[in-house]
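Participant: Input: one structure, supplied below.
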Amino acid sequence: MAVMTGVKTVTILGCTGSIGESTVDLLAANQDRFRVLALVGNRNGEKLAAQARLLNAAWAVCADADQYSALKAALAGTSTKVACGPEAVLEAARLGADWTMAAITGVAGLAPTLAAAERGGTIALANKEALVSAGDVMLRAVAAAGATLLPVDSEHNAIFQAMAGNPQTSVERITLTASGGPFRTWTREAMKGVAPEAALRHPVWRMGAKITIDSATLFNKGLEVIEAARLFGLSSERIDVLIHPQSIVHGLVHFSDGSVVAQLGAPDMRIPIAHTLAWPERLATHAPRLDLAAAGTLEFMAPDDLQFPALRLARQALLAGGGAPTILNAANEIAVESFLRRRIGFLDIASVVEEVLGRLGPRVADTLGQVTELDAEARRCADAEMARAA
Ligand SMILES: NC(=O)c1ccc[n+]([C@@H]2O[C@H](COP(=O)([O-])OP(=O)(O)OC[C@H]3O[C@@H](n4cnc5c(N)ncnc54)[C@H](OP(=O)(O)O)[C@@H]3O)[C@@H](O)[C@H]2O)c1
């Protein structure tokens, strides 16, 4: 087995969230191999301070400027420097770490992830919304800086692992699996009255609120189809989605000779994160080991587009290209937030996204400025749509 050599510098964007915490856990267990340049959070200054102490981080940064005094006080007597506000987040991203975890939720993570990518190094990408919304901009920045983009999403990480060592031309298609979320077997009628509390109870994964709701609507898988298209250069019809409630087989690559290579593992995000931390080597983890005999039956079924329209909408946006994925992502972010605030119902999330996609029509999103403007316009349009429907 390969042994990692040298000490890597790392930065975590979104350290206080679910992915951030799993990353901190791995770093805490391997302090001799990694040196933390910056930990970046938003509002949870208390958790950030505890993480900075644990990992002896050079910088602790909150996007929320109001956290400054409390964070400074919590880190008094340590060598960790403190900064707050959006500009401080960008500066932290630009410190030039060898490895940066991009785990801020939503388009809020776009500018910091881009800032990190522009410095080169490895970007471990959890923040799929940034790549969906600004695919060309991100991929251009990565290429220009000679950065390495590694997927953290368990499905994309699985595909990346399964593809390794094979020519791109031998890949016929890929399959992303989906747990199906808490309402997998529900009728649309039953889903009408779903409350945020029920949608936030994911049967397998423990994650932040936005991605948990996206998993319940299947928008998460829709965003992942677009993410896979960008990462692996595949068209929509070569990216299959399969419901797999046990979340053990994460992704499959179908090769031109008829072979299918899959990556399996316990549903624990420390596994794909560790893969990106050590790549091309391996890092030992304490994540649960897979016991297939105990798992017993693994089920697979096709998703139902009528029950969950999100997948259809995401494929539509991918096919339309241009600014359509930017619009889809922005409208979904606003709709999810509104559902969590009980402003709209569960099924309204997809309706709002479909309406906004239709209203805004074909757009261009080639530059960061165009993406930012279109994102804001789609958010306004979604708000107006929800106000009209209320
Ligand atoms: N969780 C998973 O298992 C999983 C799996 C695959 C992909 N992902 C993707 O990874 C990303 C993070 O997901 P998550 O579940 O970890 O989310 P989460 O638990 O909600 O955490 C989000 C993180 O982003 C920070 N944040 C929010 N707004 C920010 C801003 N404006 N500037 C700086 N930091 C900000 C939060 O800070 P505070 O908490 O301090 O406010 C927190 O650290 C998402 O894009 C998600 O789709 C997650």
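Under this note's numbering, residue 499 is the last one in the sequence shown; the count climbs by one each step, no gaps.
Every residue, glycine too, gets a C-beta built ideally from N, C-alpha and C.
Note that the structure is a prediction, hence the values are computed from the model and not measured.
#1: Between V331 and L428, what straight-line distance do the alpha-carbon atoms span, to the nearest angstrom?
#2: How about T385 and A233: do their beta carbons lie closer than 8 angstroms?
#3: If R293 and P354 are in contact, beta carbons under 8 angstroms, what's the gap, nearest whole angstrom?
#4: Within 7 angstroms: the Cβ of D235 and any heavy atom of ligand 1?
#5: Using beta-carbon positions only, say whether T286 and H359 come within less than 8 angstroms of one another.
#6: Leaving out five residues on either side along the sequence, give the residues of the same chain with a beta carbon under 6 angstroms from the beta carbon of G129.
#7: Grouping DSSP H, G and I as helix and E and B as strand, with all else coil, what is M378?
#8: If I'm right that N438 touches V261 with Cβ under 8 angstroms, what's the distance once you round it to whole angstroms?
#9: Given a cut-off of 8 angstroms, decide if W168 and A147 are closer than it, judged by their beta-carbon atoms.
#10: Around the Cβ of Q277, are there at least 16 other Cβ atoms within 10 angstroms (buried) or fewer (exposed)?
#11: Note down, in chain order, each residue of its chain lying with its Cβ closer than 6 angstroms to the Cβ of M500, except the 5 sequence neighbours on either side.
#12: Whose CA, out of A192, T132 and A179, lies closest to the CA of I163?
#13: Helix, strand or coil for G290? Go by DSSP, reduced to three states.
#14: Quick one: what does DSSP say V480 is sitting in, helix, strand or coil?
#15: By how many angstroms is the C-alpha of A444 removed from the C-alpha of D457?
#16: Less than 8 angstroms between C-beta atoms, sequence neighbours within five positions excluded: which residues of the same chain meet that for A254?
#17: Along the chain, which unbroken stretches of the beta strand (DSSP E) at least 3 residues long are found entirely within the stretch 233-301?
#18: Leaving aside the five residues before and after V480 along the sequence, list all residues of the same chain whose C-beta is less than 7 angstroms from its C-beta, in chain order.
#19: Taking all protein chains shown into account, decide if P397 is buried (16 or more other Cβ within 10 angstroms of its Cβ) or exposed.
#20: Determine the contact status of V362 and S345, defining contact as a CB-CB distance below 8 angstroms.
#21: On the CB-based measure, 16 or more other CB atoms within 10 Å of its CB, does K301 come out buried or exposed?
#22: At the level of alpha carbons, what is the spacing between I283 and I348?
#23: Just mark S178 as buried or exposed, buried being the case when its beta carbon has 16 or more other beta carbons within 10 Å.
#24: On the criterion of 16 or more Cβ atoms from any shown chain inside 10 Å, does V369 qualify as buried, or is it exposed?
#25: Roughly how far, in whole angstroms, is the beta-carbon of V170 from the beta-carbon of V198, given that I think they are within contact range, below 8 angstroms?
#26: Would you decide whether R441 is buried or exposed? Buried here means 16 or more other CB atoms lie within 10 Å of its CB.
#27: Which parts of the stretch 388-455 are runs of the alpha helix (DSSP H), unbroken and 4 residues or longer, counting only runs that do not cross its ends?
#28: Just verifying my parser: in three-state terms, what is the DSSP assignment at V116?
#29: Leaving out five residues on either side along the sequence, give the residues of the same chain with a beta carbon under 6 angstroms from the beta carbon of E238.
#30: Determine the DSSP secondary structure at L351, reduced to helix, strand or coil.
#31: May I ask which residues mark the beginning and end of the beta strand (DSSP E) holding L361?
#32: Quick one: give me the first and last residue of the beta strand (DSSP E) that R144 is part of.
#33: Less than 7 angstroms between C-beta atoms, sequence neighbours within five positions excluded: which residues of the same chain meet that for N139?
#34: If H265 and A337 are in contact, beta carbons under 8 angstroms, what's the gap, nearest whole angstrom?
#35: What is the DSSP secondary structure of I121, reduced to helix, strand or coil?
Facilitator: This is what the structure gives:
#1: Checking the displayed sequence, the identity of residue 331 turns out to be Gly instead of Val. If you take the alpha carbons of G331 and L428, they lie about 12 angstroms apart.
#2: yes
#3: 7 angstroms
#4: One point to set straight first is that residue 235 is Ala, not Asp, in the sequence displayed. Result yes, Cβ under 7 angstroms from ligand 1.
#5: yes
#6: I121, G123 and A212
#7: coil
#8: N438 to V261, Cβ: 18 angstroms. No contact.
#9: yes
#10: exposed
#11: Here the chain comprises residues numbered 110 to 499, so residue 500 is not present and cannot be evaluated.
#12: Before going on, a small fix: residue 163 reads as Leu here, not Ile. Taking only the C-alpha atoms, the option nearest L163 is T132.
#13: coil
#14: helix
#15: 8 angstroms
#16: A226, E227, R228 and G229
#17: 257-260 and 280-287
#18: S242, A243, V246, T435 and A474
#19: exposed
#20: no
#21: exposed
#22: 5 angstroms
#23: exposed
#24: exposed
#25: 6 angstroms
#26: The question names Arg, but residue 441 in the sequence shown is Asn. N441 should be labelled buried.
#27: 401-404, 419-429 and 433-449
#28: coil
#29: G215, V216 and N438
#30: strand
#31: V358 to F364
#32: F143 to G150
#33: L392
#34: 6 angstroms
#35: strand
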